[in-house]
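Down below is the structure, laid out as structure tokens.
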């Protein structure tokens with residue numbers, strides 16, 4: 001029986017990038033997946049901008065009705081695809097540009113592994129062709145996958161910038177935690193899966209991440225008007241690593257200490273506010289107890 005493939009693209013107010021992403025997906029060979037756009041209630045005319053794709057039924061468009069954040073958008077989209085009974089669900093952001101054979105290489109890896117895996121993840125390059133540092137997979141809880149020595153490399157965490165899932169895994173392991181809103185939802189979800197199943201990064205499945213920069217979030221240098229977002233980052237990270245026992249506790253405590261030192265030594269303004277965000281997020285993370293939603 002022929003397998004079915006859906007790709008979930010979460011978007012919010014980035015219609016030009018979204019259109020480029022759609023063109024990349026329509027160029028996939030030999031299989032073009034069913035393209036499902038999850039729009040977090042954009043206000044920039046996204047739906048009108050891609051109206052031709054919708055009217056020609058090249059894509060399926062879903063508006064969430066409000067901005068659910070990246071976490072809510074991915075949870076919404078993965079649930080939608082799983083309930084439609086697609087065998088495989090490919091997940092990505094709107095600024096992710098898959099190369100023509102990105103899906104094909106996932107399908108090859110799926111066959112090579114005889115379906116015995118929790119998730120597959122692409123090799124992510126930045127727009128200048130260098131490795132996208134913010135999307136490096138983790139080989140262990142604390143070590144990143146710096147080099148792709150083989151085509152198929154075992155990992156424990158990966159980002160939502162091109163993640164390949166089987167429906168059966170989604171049904172068993174549940175959905176990403178929508179309450180995360182932004183940040184760490186992909187780490188948490190992939191770690192949840194890798195605690196039970198071996199998971200892999202596939203070198204030959206390549207995507208380009210057209211993010212504004214190739215540097216991750218940094219509270220020490222972030223502009224003052226964007227500091228509130230870091231409440232989510234520290235809350236979600238503490239929630240993630242507190243589940244890992246003493247090793248996770250030591251890692252996160254060391255990381256938090258490093259971030260505080262960086263603020264004190266590198267920040268040019270609002271040091272107190274920055275430190276307060278780290279503290280508030282940490283305390284919230286110790287108390288945070290979201291429920292995992294399952295497909296019923």
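Residue numbers (full-length UniProt numbering): 1 to 296.
Beta carbons are placed, not taken as given, at the ideal position from N, Cα and C, and that holds for glycine.
Every value quoted in this text rests on a predicted model; they were computed, and no experiment measured them.
| task | Compare the Cα-Cα distances from residue 131 to each of 207, 152 and 166 and report the closest residue. | result | Looking at the Cα atoms, 207 is the closest of the given residues.
| query | Helix, strand or coil: which one does DSSP assign to residue 19? | reply | In the three-state reduction of the DSSP assignment, residue 19 falls in the helix class, which pools H, G and I.
| message | Output needed for residue 105: all residues of its chain with C-beta closer than 6 Å, excluding positions within five of it in sequence on either side, in chain order. | response | Beyond the five residues adjoining it in sequence on each side, residue 105 comes within less than 6 Å, by CB distance, of 202, 204 and 205 in the same chain, given in chain order.
| Three-way DSSP call (helix, strand, coil) for residue 157 in this model | Three-state result, residue 157: strand.
| Exposed or buried, residue 100, counting other C-beta atoms within 10 Å across all chains shown (16 or more means buried)? | Burial call: exposed.
| said: Which residue wins for smallest C-alpha separation from residue 112, given the options 127, 98, 152 and 11? | reply: Nearest Cα to residue 112 within the set 127, 98, 152 and 11: 152.
| query | According to DSSP, is residue 134 helix, strand or coil? | reply | Helix, per DSSP.
| message | Between which residues of its own chain and residue 162 is the CB-CB distance below 8 Å, once the five residues before and five after are set aside? | response | Excluding sequence neighbours, residue 162 sits near 90, 91, 92, 96, 98, 102, 121, 122, 124, 205 and 207.
| message | If we require 4 or more residues per run, which alpha helix (DSSP H) segments fall completely within the segment 234 to 272? | response | Considered as a whole, the segment 234 to 272 harbours 245 to 266 as its complete alpha helix (DSSP H) runs of no fewer than 4 residues, in chain order.
| How many Å lie between residue 74 and residue 158 at the Cα? | Each residue's CA atom was taken as its position, placing residue 74 and residue 158 some 14 Å apart.
| Taking 8 Å as the CB-CB cut-off, is residue 271 touching chain B? | Absent from the structure is chain B; it holds one protein chain and no more.
| request: Reducing DSSP to helix, strand and coil, say where residue 121 ends up. | output: DSSP places residue 121 in strand when its eight states are reduced to three.
| request: Can you grab the Cα-Cα spacing for the pair residue 85 / residue 167, in whole Å? | output: One C-alpha to the other measures close to 7 Å.
| Along the chain, which unbroken stretches of the alpha helix (DSSP H) at least 4 residues long are found entirely within the segment 25 to 98? | Counting whole runs of 4 or more residues, the segment 25 to 98 contains the alpha helix (DSSP H) stretches 46 to 49, 51 to 55 and 69 to 83.
| In chain order, which alpha helix (DSSP H) runs of at least 4 residues are fully inside the segment 154 to 211? | With a minimum length of 4 residues, the continuous alpha helix (DSSP H) runs that stay inside the segment 154 to 211 are 167 to 173 and 185 to 194.
| request: Identify which residue in 35, 199, 14 and 169 has its Cα closest to the Cα of residue 56. | output: Out of 35, 199, 14 and 169, 35 has the C-alpha closest to the C-alpha of residue 56.
| request: Tell me, please, whether the segment 208 to 215 touches the segment 243 to 254 by the rule of three or more beta-carbon pairs shorter than 8 Å. | output: Put simply, the segment 208 to 215 does not touch the segment 243 to 254. Fewer than three CB pairs are less than 8 Å apart.
| the segment 35 to 54 touching the segment 259 to 271, judged by at least three CB pairs closer than 8 Å | They do not touch, by the three-pair rule.
| field | Rounded C-alpha distance that separates residue 241 from residue 257 | value | Using only the alpha carbons, I get a separation of about 15 Å.
| Cutoff 6 Å; reference residue 27; Cβ partners in own chain excluding five residues on either side | 100, listed in sequence order.
| field | Inter-residue Cα distance where the pair is residue 172 and residue 269 | value | One Cα belongs to residue 172, the other to residue 269, and the distance between them is close to 47 Å.
| message | Give me the DSSP bridge partner(s) of residue 220. | response | Paired residue(s): none; residue 220 is not in a bridge.
| said: Taking its Cβ as the centre, do 16 or more other Cβ atoms sit within 10 Å of residue 277, making it buried, or is it exposed? | reply: Around the C-beta of residue 277, 16 or more other C-beta atoms lie within 10 Å, and the residue is accordingly described as buried.
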